[in-house]
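First to last, the protein sequences are chains Y, R, X and S.
Going from the first sequence to our numbering is simple: count from 1 and add 431.
Going from the second sequence to our numbering is simple: count from 1 and add 431.
Going from the third sequence to our numbering is simple: count from 1 and add 431.
Going from the fourth sequence to our numbering is simple: count from 1 and add 431.
Virtual Cβ for every residue (Gly too), placed ideally from N, Cα, C.
First comes the structure, then the notes that go with it.
Protein chains: 4
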Amino acid sequence: MKALVFHGPGQKSWDEVPDPRIQADTDAIVRVDTTTICGTDLHILKGDVPETTPGRILGHEAVGTVEAVGPAVTTVRPDDRVLVSCVSACGRCRFCREGRYGQCLGGGGWILGHLIDGTQAEYVRIPFADTSLYPLPATVDDEAAVMLSDIIPTSYEVGVMNGAVRPGDTVVIVGAGPIGLAAIAAARLFSPGHVVAIDPAASRLDAAKQFGADVVIDPSREDPADRINAMTGDLGADVVIEAVGTPDTFELCTRLVRPGGHVANVGVHGKPATLHLESLWIRDVTITTGLVDTCSTPTLLRLVSAGQLTSAAFVTHRFAFDQMLDAYDVFAHAAETGALKVSIRRQL
Amino acid sequence: MKALVFHGPGQKSWDEVPDPRIQADTDAIVRVDTTTICGTDLHILKGDVPETTPGRILGHEAVGTVEAVGPAVTTVRPDDRVLVSCVSACGRCRFCREGRYGQCLGGGGWILGHLIDGTQAEYVRIPFADTSLYPLPATVDDEAAVMLSDIIPTSYEVGVMNGAVRPGDTVVIVGAGPIGLAAIAAARLFSPGHVVAIDPAASRLDAAKQFGADVVIDPSREDPADRINAMTGDLGADVVIEAVGTPDTFELCTRLVRPGGHVANVGVHGKPATLHLESLWIRDVTITTGLVDTCSTPTLLRLVSAGQLTSAAFVTHRFAFDQMLDAYDVFAHAAETGALKVSIRRQL
Amino acid sequence: MKALVFHGPGQKSWDEVPDPRIQADTDAIVRVDTTTICGTDLHILKGDVPETTPGRILGHEAVGTVEAVGPAVTTVRPDDRVLVSCVSACGRCRFCREGRYGQCLGGGGWILGHLIDGTQAEYVRIPFADTSLYPLPATVDDEAAVMLSDIIPTSYEVGVMNGAVRPGDTVVIVGAGPIGLAAIAAARLFSPGHVVAIDPAASRLDAAKQFGADVVIDPSREDPADRINAMTGDLGADVVIEAVGTPDTFELCTRLVRPGGHVANVGVHGKPATLHLESLWIRDVTITTGLVDTCSTPTLLRLVSAGQLTSAAFVTHRFAFDQMLDAYDVFAHAAETGALKVSIRRQL
Amino acid sequence: MKALVFHGPGQKSWDEVPDPRIQADTDAIVRVDTTTICGTDLHILKGDVPETTPGRILGHEAVGTVEAVGPAVTTVRPDDRVLVSCVSACGRCRFCREGRYGQCLGGGGWILGHLIDGTQAEYVRIPFADTSLYPLPATVDDEAAVMLSDIIPTSYEVGVMNGAVRPGDTVVIVGAGPIGLAAIAAARLFSPGHVVAIDPAASRLDAAKQFGADVVIDPSREDPADRINAMTGDLGADVVIEAVGTPDTFELCTRLVRPGGHVANVGVHGKPATLHLESLWIRDVTITTGLVDTCSTPTLLRLVSAGQLTSAAFVTHRFAFDQMLDAYDVFAHAAETGALKVSIRRQL
């Protein structure tokens, strides 16, 4: 089959590789119908993720069709149309039994396109298929569904649920890239009073408005803290979601949150940040971090299916499998291309 | 009356000052029967708390007897024996109505011995008396009760409740000073599997054992992370409580916590800490900070009254009011004197 | 002044009575600008509420203007436009300090138009004014605001919050009278997958659709359990809200709920119901009852103000004060008049 | 092998039957070392559980040694000493993924000794072995461990966790049989202020004191409501746990609970109860029912292992396997024999 193979920092190609095979009784082989690219794939390509070694097929998001299942698989069958979750769950360890699949101790967690071959390929092997694949209703099309592999559960669980958004809240999202936009849409599920997006790029602030932000702030033009204080009687925001992954944006979040409020970190960080405990120790702040568990996937699927949650709107560009390298090119230059998420399909 | 007056950094004396008077309809005047000294009083004396100005009577902990009440006070009367809470609550603002008295927007919060005259005096004026004083049952003596002004609710609310201690947990307390010891005792209320105390002072580790720690670690002799990992199958602690207030101890806490665990900061910090988001972003950690609200005071009073919670055991030294300066001396040199909390009483 | 006075079962009149006066330091006198009638007022008139004695002015809902305040009142002043909450809160007792104002032990709770004179009058005395009145923003008009006295917080707190509605849930509301309709609108704040209304009156099912129900069931035409089972893969509803107050409707709720689901009782009951523990004991069901606390009033006011929550739409008929008896007539015959809530204003 | 076989109402015998065999890839065969008898077994023998058909081997509690495992089992191996949970979990369905194993939709739930052959036998087949067996540390002996099959998790989850016991609470347990005693011990984990046991049998009240009740009430001698009101300033109990299973005891629970309190039903009911909504609708009561999930088993195992929770103390009588019928005799006549739980061991 064909697959997008990582050949070391800066190196990738669309190669002919052997088809995957069932290795364990709990495996399934899925024919990939639609996949996409994540910012994490770009991190791997930069060499930021040393445990991903050359030769690895990338990608952890897909919608596909089950080709074959191991003898212990009971919840999906060949020909089922399924969502591939970015997180695999052994279903047996302590953390899986608490729904904390991202921290799976039994060989799961984020492994696809990271520790084992991934979804940017014609076929992919999915370990622990019973607890890592989700049958899809016909009413949810591939482009809407594939956003449920990673971006929507991540923003919902790590951003909105960890941040404990409640009706009437002032919610600030720092960073209006794809994850930040998904957090805006997910926060709206809880009827906040205001959703504020902060980003220096005008095009992203426009997108933020379309995904549900009612206030947008360009931090190069005005001080976000002044604006949030003016909106909240000088208290600060109830919930602040970090969706960038830099020390500066994290520290901004801790300046914007009100006493008793939440800072939910979603961004992937490569460097430490400064935590201003000399002012925060007394302010009753809760800070959370997290990898997505995808425990919310069934709920989110119901919401997308019921039209309660925007999903397909993230797709700005479409490609066929053999245009995989073009898709990377467009996604990697989002500032110029305006790409949010790209859809890469077996059949365009 | 006589009172301990702050005269600027490094300066204090036991002075004759005017008696306090009712200023607002909701005030009470309390005759102080027993008071104590807090580490925060030492911070003020060092000059670390600029909003506390010379001439201020210090102290925010007391048991006393109501002398007089303003016309709007309904829940306490003259001659009632009461606990003075370290936090005053207007009872009307948004935060008071959520039980978050420490963040009171209506003139309360931590004001005693900070923004208004405090309890290290023969008499003290208590604003918002209905929501800041607690009638005491005769079964709880002064020394047990005065620990409920600050140290016990702080360790319970900001440490144990924020840290979400549950039965069977491995709970680590970093710092075995008075607040850390109180956190050990408070954590025991939830039947953790292990309570681990970390402190470089052997005498404090001995005290930790007496207050309920079953494992003690001197970080100068062994690596706490190695020990905690050995105890927890390399997962880390469920809950880590910071009870020191330095960057190093805070960062240690974030190294000891398991995926999905809680770091509850209780320590008063004067400097920022480094938050290692490059490793923590993916670990599902919850970090909390907070000032005590004293919303748990009625519960804690029931527990002390029922003998469920150690309280009087914190008192290591006893003084009469006119030995106030000696009491400060002993408390300020805890390393040599072994002082935990001192009791300073009208009548010894 | 003029007021609607209860003269014993079946007896009421619009009488000239003495103006109310400040009785306690914490009282306020409010000039009523807009009031309304509640089903509970009809219960009192039927003689179902024996503690309400002849001579009592009825009514517990109003928007008005502060005329005078006692010396201990600090959060409202004369000329402030305010919402009168149906529940008064002493602000000092155990339950008020937990935000459970409906159970106030200090003389509050539901007292207006019940144990003391109420709001269907030109003026009303409000005890504990600081914790029982809410200043209104100019952007919320009287008819929208007066729904926040009782009906909206009741449906939100006792129905939706107690029922723990979450995104994607199937929520069933049994009874589509005013409280049921308010529960439909309030449930929508949490983005349920489906909101199902059950009522035998076609006009109410039409109203239910307008307030946000996507499925309506007339129980005289189809078995609600069959329909809910068909919608939920035979599991049952996640949340069922009882908004009628009869044994039959309550028992229906317990048949419709899924294992692990919630039945939230909002209805006012005059008779016991049968609880089928022989089938429910094993089904992990949570059943809640409650009187409104109005602790959510500030949140709901923000939501109404931000246009997130329908409020004024409940008003179907409008009257001037001197048409009070006509208003009762229309409201008491809702089946014929189609009345949901009536607005009764000083100036029409 | 030998096994206790149900032959229809009132009929049982200790029979020679075929050994169990692996039927599915996820099965294990466990050699039973210690088992016990549950009140539910007596219900089956009375004919109260029609889905249990003649020929069924009874029993759902055991400690044993793994003999063989199917090819898909990964977390236990032959010769592992294991706890058999009374609830089996498929680990894949919606409810299992929420930790609600008692409601398993994938073929689990309470099946042992109910829908499939159980543990009162020399060997037992355990479906879904990876998620239904728990390896035992050597420090927990068989008699302590076998109480973790059912009685301790049931009282902890369905009684104490559902009842939301908190420090300082007044907790009432109605019924001091084995489950009620286990609830007393489990409630103590959260440091309640008082644990009150209500039972008409003096011997059970004595046992209640030994398991941790500090107040005992014989309802034939004094009115429990009077006593609880006297203890709680006429408020009622914070948490009331029903551990009998009759309409009268359930209704007593609803009379004893305070506004805002919890009634947690643990008892197995055969008849409906009357729910006095005419008084309860306004009292903010939460009523829960439930089948045990055994999701707390790992936590409880840690607590028993750490000596934090009494377990072996339930065993009052000991038998060898071939005395199985004697064991039933003693257990079925607990009033005369004083039996709490019996231990039935391969080797006495």
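Measuring CB to CB, does Lys772/X end up less than 8 Å from Thr465/X?
no
Leaving out five residues before and five after Lys702/S in sequence, what residues of the same chain have Cβ atoms less than 8 Å from its Cβ?
Thr677 and Pro678
Find out if the Cβ-Cβ distance for the pair Gly611/Y, Ala695/Y is shorter than 8 Å.
no
Chain R contacts from the segment 734-748 of chain S (Cβ-Cβ distance under 7 Å):
Leu734, Ala737 and Gln739
Should the segment 521-531 of chain S be regarded as contacting the segment 568-582 of chain S, the criterion being three or more beta carbon pairs within less than 8 Å?
no
Using a Cβ-Cβ cut-off of 7 Å (strictly less than) and excluding sequence neighbours within five positions of Phe559/X, which residues of its own chain qualify?
Thr457, Ser519, Ala520, Cys521, Gly522 and Gly539
Roughly how many whole angstroms lie between the Cα atoms of Val463/R and Ala770/R?
22 Å
How long is the line joining the alpha carbons of Gly721/X and Val697/X, rounded to whole angstroms?
7 Å
When the Cβ atoms of the segment 480-499 of chain Y are set against those of the segment 433-450 of chain R, are three or more pairs found closer than 8 Å?
no
Residues sharing a beta bridge with Phe437/R, DSSP
Lys443/R
Out of Val448/S, Gly664/S, Asp630/S and Ile488/S, which has the shortest C-alpha to C-alpha gap to Tyr652/S?
Looking at the sequence itself, residue 652/S is Arg, so the reference to Tyr does not match. Nearest of Val448/S, Gly664/S, Asp630/S and Ile488/S to Arg652/S, Cα basis: Asp630/S.
So which residues of chain R does Arg597/Y contact, with C-beta pairs closer than 8 Å?
Residues of chain R passing the Cβ test: none, with the nearest at roughly 12 Å.
Which partner residues of His748/Y appear in the DSSP bridge assignment?
Val773/Y
Closer than 7 Å, Cβ to any Cβ of chain X: which residues of the segment 615-644 of chain Y, in chain order?
Leu620, Phe621, Ser622 and Gly624
For the segment 734-741 of chain R against the segment 702-714 of chain R, do three or more pairs of beta-carbon atoms, one drawn from each stretch, fall closer than 8 Å, so that the two count as touching?
no
Hey, out of Ser736/S, Cys684/S and Leu779/S, whose CA is closest to His748/S's CA?
Leu779/S
Span of the beta strand (DSSP E) holding Gly495/X?
Ala493 to Val500
Using a threshold of 8 Å, state whether the C-beta atoms of Gly533/Y and Arg733/X are closer than that.
no
Per-residue contacts from Gly540/S into chain Y (C-beta, under 8 Å):
Neighbours of Gly540/S on chain Y: none; closest Cβ ~16 Å, over 8 Å.
Mark His764/Y as exposed unless 16 or more other C-beta atoms lie within 10 angstroms of its C-beta, in which case mark it buried.
exposed
Compute the beta-carbon to beta-carbon distance between Ser516/S and Thr725/S, rounded to the nearest angstrom, for a pair I have assumed lies under 8 Å.
5 Å
Check whether the Cβ of Pro584/X lies closer than 8 Å to any Cβ atom in chain R.
no
Under 7 Å by beta carbon: chain R residues contacting Asn660/Y
Within chain R, no residue comes near Asn660/Y; the closest Cβ sits about 14 Å away, beyond 7 Å.
Name the chain Y residues whose beta carbon is nearer than 9 Å to that of Arg531/R?
Pro690, Gly691 and Asp715
Start-to-end residues for the beta strand (DSSP E) that takes in Pro690/Y:
Val688 to Asn696
Pull up the DSSP beta-bridge partners for Ser586/Y, would you.
The partner list for Ser586/Y (beta bridge, DSSP) is empty, contrary to what the question assumes.
Straight-line CA distance for Cys535/X to Gln454/X?
19 Å
Just to confirm the assignment, what range does the alpha helix (DSSP H) spanning Asn735/S have?
It should be noted that the sequence gives Val, not Asn, for residue 735/S. Thr728 to Ser736 is the extent of the alpha helix (DSSP H) around Val735/S.
Reference Gly441/X, options Gly486/X, Arg531/X and Pro449/X, closest by Cα:
Gly486/X
Tell me the DSSP secondary structure of His764/X in three-state form.
coil
Going by Cα to Cα distance, which pick from Ser634/X, Met592/X, Thr506/X and Ile542/X is closest to Asp649/X?
Ser634/X
Can you find a C-beta in chain X that's less than 8 Å from the C-beta of Thr730/Y?
yes
Just tell me which of Tyr554/R, Pro729/R, Ser710/R and Pro623/R has its CA closest to the CA of Gly530/R.
Pro729/R
Can you pull the chain X residues whose beta carbon is under 7 Å from the beta carbon of Asp458/R, in chain order?
Within chain X, no residue comes near Asp458/R; the closest Cβ sits about 11 Å away, beyond 7 Å.
Strictly under 8 Å for the Cβ-Cβ distance: is Trp445/X near chain S by that measure?
no
With a threshold of 16 other CB atoms inside 10 Å of the CB of Arg776/Y, please say whether the residue is buried or exposed.
buried
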